[in-house]
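Reviewing the structure listed below.
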Amino acid sequence: MRIVIVGPGALGSLFGAALTKRGHAVSLLGRQTPHLQALRDQGLRLEARDGTAEQVIVSATHDPAIVSDADALIVLVKSVDIVSALNAIRPYVSPDHIVLTLQNGLGNAERIRSVLGPGPRILVGVTSQAATRLGPGWVKHAGEGPTLVGFLDERDAAAAVKLASVFADAGLAATTVPDIDRWVWQKLAVNAAINGLTAVGNFPNGTIVTTPSLLDAAEIIAEEVASTAYEIGIELGGMRRAILETATATKDNRSSMLQDLDAGRPTEVAAIHEAVLKAAEEAGIATPATRVVAALIRAKERALSTAESNDGD
Ligand code: PAF
881 MRIVIVGPGA LGSLFGAALT KRGHAVSLLG RQTPHLQALR DQGLRLEARD
931 GTAEQVIVSA THDPAIVSDA DALIVLVKSV DIVSALNAIR PYVSPDHIVL
981 TLQNGLGNAE RIRSVLGPGP RILVGVTSQA ATRLGPGWVK HAGEGPTLVG
1031 FLDERDAAAA VKLASVFADA GLAATTVPDI DRWVWQKLAV NAAINGLTAV
1081 GNFPNGTIVT TPSLLDAAEI IAEEVASTAY EIGIELGGMR RAILETATAT
1131 KDNRSSMLQD LDAGRPTEVA AIHEAVLKAA EEAGIATPAT RVVAALIRAK
1181 ERALSTAESN DGD
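Per this note's numbering, residue 881 is the first one in the sequence shown, and the count goes up by one each step.
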């Protein structure tokens, strides 16, 4: 399959390397950054959880015209930069393209549709893979979990099945689900809890597993998200277990939100915590813990002067 990954950050690089190794024609598309340059010059140094590493030759470019030749686009750019990234590729996107968003947060498919228009087929997925960028061209596969691929229109179910099988065949566990909205909210709840606490407290995901008071706090935040989801007709499973599972599977990872703060980049607080606050307000649900976390992340962003744009690098 010819695949373009829009957003060659830690996760984009991980997916790109796995799919390239399986023989797919993959291009990583991003801004001209030291990371992109390193990918072009030396390929990706991909480190496994046990510390062993391999060098994977990948194709990386900043030229959006590469999209014309692709069958599928996987959007992994951070939600704050989705509009500028998609504006760049829009002239090259056709109705034949499949566009899969694997981004964190709410509203990504709507944002993609609003920029790309009615043409391409849009799929929505969530992934529990975790990756940390250790330097330019250097990524650690910090945690493994399934990738769920869903569709918004029944007519796109076959495309979702195809992409899930391409991922699974490349060693990235994946399956298709008929109720992707539920999984987006489930991931949102886990991200609000894990990303929020780790970003504010500056610790890896595993600290939540080993610190009962943090696990309690994470559960309170996730339950606020679950209550909001319930009001709009989506019932989520037990949050404590979901947090424990994800934080355990990704225990060495610094969450993507913490990695953004580490690098002085804007975070995804708008697509995660503030999106929950908005939905909760509309549904009449009180979300005080999420509000506190959102305010603290914004304060940290201001303190770090995170004014740069963020394309997932
Ligand atoms: O955003 C993240 O960091 C990831 O979604 C996850 C699964 C919480 C792992 O860190």
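Even glycine gets a Cβ: it sits at the ideal position worked out from N, Cα and C.
Note that the coordinates shown come from a computational prediction; the quantities given were computed from them, not determined experimentally.
Can you tell me which of E1099, A968, K1158 puts its alpha carbon nearest to the alpha carbon of L986? K1158
Can you tell me which of V1105, T1128, A1127 puts its alpha carbon nearest to the alpha carbon of G1117? V1105
Spell out a yes or no on whether the segment 935 to 955 and the segment 966 to 978 are touching, meaning 3 or more CB-CB pairs, one atom from each, closer than 8 Å. yes
Give me the residue from R1062, P1058, V1029, A1127 with the minimum Cα distance to V1046. V1029
So what's V1080 in DSSP terms, helix, strand or just coil? helix
So, at 8 Å on beta carbons, what are the nonlocal neighbours of H904 in its own chain, with the 5 sequence-adjacent residues on each side left out? M881, R882, I883, V1046, A1050
With a CB to CB cut of under 7 Å and the five nearest residues on each side skipped, what residues in its chain are close to R902? D1049, A1050
Beta-bridge pairing of A1102 - partner residues as DSSP gives them: A1102 pairs with nothing; no bridge assigned.
Proximity winner among R1145, A1160, A968, V1173, relative to G889 (alpha-carbon distances): R1145
Among the residues of its own chain, which have a CB less than 6 Å from the CB of S1189, if the five just before and after it don't count? Since pLDDT at S1189 reaches only 46, below the 50 mark, its modelled position is unreliable, and no value is offered.
Taking the straight line between their C-alpha atoms, what separation do you get for S1107 and R1121? 16 Å
Looking only at its chain, what residues have a beta carbon closer than 6 Å to the beta carbon of G1086, apart from the 5 residues adjacent to it on each side? K1131
Same chain, Cβ closer than 6 Å to I1100, neighbours up to 5 away in sequence not counted: A1169
Quick check on the DSSP output: what are the complete alpha helix (DSSP H) runs of length 4 or more inside the segment 1104 to 1135, in order along the chain? 1119 to 1129
What distance in whole Å lies between the Cβ atoms of A1022 and N1133, which are believed to be in contact at a cut-off of 8 Å? 4 Å
According to DSSP, simplified to helix, strand and coil, what is T1186? In this prediction, T1186 scores a pLDDT of 47, lower than 50, which makes its location untrustworthy; the coordinate-derived value is nonetheless stated afterwards. DSSP places T1186 in coil when its eight states are reduced to three.
For the pair the segment 903 to 920 and the segment 1005 to 1019, tell me if three or more CB-CB distances fall below 8 Å. yes
How about W1063 and V1057: do their beta carbons lie closer than 8 Å? yes
Helix, strand or coil at S939 [DSSP, three-state]: strand
With a threshold of 16 other CB atoms inside 10 Å of the CB of A1038, please say whether the residue is buried or exposed. exposed
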